[in-house]
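Position 39 of the sequence shown, counted from 1, bears residue number 328 in this note's numbering, the numbering being contiguous throughout.
Just so you know, even glycine gets a beta-carbon here, dropped at the ideal spot from N, CA and C.
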Amino acid sequence: GLIAAKAERRARDEAARPLRQWREEELAAMHRSFYGFDQSYHVARYNFVRKVPKSRTPLTLARHRAIAGPRALRNAS
């Protein structure tokens, strides 16, 4: 049934790439974010904790801006 299929899929996934390997890679990426030279994590965390508003709406939320492009926005105003 459904549970057997899920267990089989999980076993295949685990055989291809063990959960331990995923965990180690994720921890390595986190270590780079926290202790590496890129400060973007720390800036984002600071802004989030202190409720600093965004200077503009991200393009992921304002998709019409990405489609129209910056030239269309200048001509519209």
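Inter-residue Cα distance where the pair is residue i and residue j
| i | j | result |
| --- | --- | --- |
| residue 329 | residue 351 | 22 Å |
| residue 342 | residue 336 | 8 Å |
| residue 297 | residue 346 | 43 Å |
| residue 293 | residue 302 | 14 Å |
| residue 322 | residue 300 | 31 Å |
| residue 326 | residue 291 | 46 Å |
Cβ distance (whole Å) where residue i is taken to contact residue j below 8 Å
| i | j | result |
| --- | --- | --- |
| residue 348 | residue 354 | 6 Å |
Residue range of the unbroken alpha helix (DSSP H) whose run includes residue i
| i | result |
| --- | --- |
| residue 312 | 308-324 |
| residue 267 | Nothing can be reported for residue 267, as the shown portion of the chain is limited to 290 through 366. |
is_contact[residue i, chain C] using C-beta, thresh 7 Å
| i | result |
| --- | --- |
| residue 339 | Among the protein chains of the structure shown there is no chain C, as only one such chain exists. |
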